[in-house]
Every structure is written in C-alpha cells, then in structure tokens.
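Per our numbering, the very first residue in the sequence shown carries number -18; after that it's consecutive.
Beta carbons: idealized from backbone N, C-alpha and C, even for Gly.
Written out below as structure tokens is the structure these notes cover.
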Amino acid sequence: MKNTFFAAAVVIVSLLAAPRAWAESAWVSDEFEITLRSGPSTSNAIQLMVSSGRELEVLERDAETGYTRVRTAGGTEGWVLSRYLMPEASAREQLQTLTGQLTNANTRGSSLNSQLSAIRSEYDGSQASVRALERDKARLEQELADIKRTAANVLTINDENTRLRDQVESADIRVDVLEQENRELASEAIRYWFMSGGLVLVVGIILGLWLPRMRWQRRSGYDRF
C-alpha cells in the first residue's frame, strides 16, 4: 500500500515538474507568411505556408537551430523559425477577436432584450389575467353569498308556509269540530223542543181528560147536599 502511494506521488510530482510546452500556444506574426518545414533547417522540405495571425500548438523548441516544432489546427506537424512566433495573438487579431466578441455580445444583448421584452409582455398579460380572475372570483363569491341568502330566505319562507299550513289545518279541524258541535246542539235543541211539545200535548190531553171528571165529581157532591 505504501509503495502504491509512493508511486502515485512520484507520478503527480513528475507531471507537475514536467515542461508544459505541449499546452503552450504561439501565433504567427502578422507581417508575412512563414514556411512550415519537415525539419528544423532550411534544407528540409516545405510542407505548407502558414499565414500570419494563425494559432499554432507548440510541441517542441530547439534553441540551437532556432526552430520550433508546431502543430496546425488541421493536424499538420512541422518546424517553423522561432523568431516568427509571438507569445500572444497580434493586436490586429486581438482586435478582430474582440470585435467579433463584441458583435456577438451585442447580438446576445439584443436577443436578451427581446427575450426580456417578451417576458415582460407575458408577465403583464399574466398579471392582467390574475386581476381578471380575482374580479371573477369576487363576483362569484358575491353571487354565492346572494344565493345562500336567497336559499336561507326560501327555507325560512318554506318553514313559515309549513307553520301557517299547520295552523290552517288546525283551524280547519277546530271549525269542523265546532260545526259538528253546532249540529249536535241543533239536534239536541230540536229534540228538546220536540219532547217539550210532546210533553205539553200529553199534559193537555191529560188535563182535557181529567178536568171534566173533576167538574162532574163536584156536581155530584153538590147534588148530594
């Protein structure tokens, strides 16, 4: 385990201490075109001409010959004179790059402004919709309250109607009872008068029969004296 950690530490230190020429970039000066040769001397064949301002990847530097091995963006490797290389892009290339970046930034800014305007329009529309929905909600709540009040009034009226109907039914029942009682009283009165008339008739008959006999008895008594 210790050997593994030691080996890993050695690798990391080696990577940190190793020259970083492979990650370095250089630019062709903006004065002219330069030759990209197959070797670090003028006797080597020219592979292609590299225009000024092009970015090259530095692979190796040879201080003795004054050449640097580079790789183009297209993948071609070769040697160019180190004095024709600059550590950064020329002012013209930087200006063009910055101009392009500024143009892109302006374009993105215009696009962002358009998007912001669209978002604001959508937000305003959403706010208007929210306000309309709130108004509709308030109106519906008012209508619901009115319906509840109306329903409560209807229930009250129904209860009152039921109570009055019960009272009418009770009054009807009392009227029927009173009418029945009146009919009974009338029948009793008729029977009473009928019985009274009959009694008077019977008494009259009895008196009619009895009074003559009393007169006859009196006469008989007087005759005796």
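Suppose contacts are defined by Cβ-Cβ distances below 9 Å. Is residue i in contact with residue j by that definition?
i, j, result
"Gly210", "Arg64", "In the structure as shown, the chain begins at -18 and stops at 206. Residue 210 is therefore absent and cannot be evaluated."
"Ala7", "Leu66", "yes"
"Thr16", "Val61", "yes"
"Gly56", "Arg50", "no"
Throw me the rounded Cβ distance for the residue i and residue j pair, which I believe falls under 8 Å.
i, j, result
"Val39", "Glu14", "About 19 Å separates the two Cβ atoms, so there is no contact after all."
"Arg42", "Gln28", "That pair is no contact at about 19 Å."
For the beta strand (DSSP E) that contains residue i, what are its first and last residues?
i, result
"Tyr48", "48 to 52"
"Arg42", "36 to 43"
"Thr16", "15 to 18"
"Gly59", "58 to 62"
Between the Cα of residue i and those of the options, spot the shortest distance and give me the residue it belongs to.
i, options, result
"Ala54", "Ala44, Glu45, Glu69, Leu37", "Leu37"
"Ser52", "Val111, Gly20, Ala44, Glu45", "Note that residue 52 is Arg in the sequence shown, not Ser. Among Val111, Gly20, Ala44, Glu45, the Cα nearest to that of Arg52 belongs to Gly20."
>> Report the start-end ranges of each alpha helix (DSSP H) in the region 142 to 202 that is 4 residues or longer and not cut off at the edges.
In response: none
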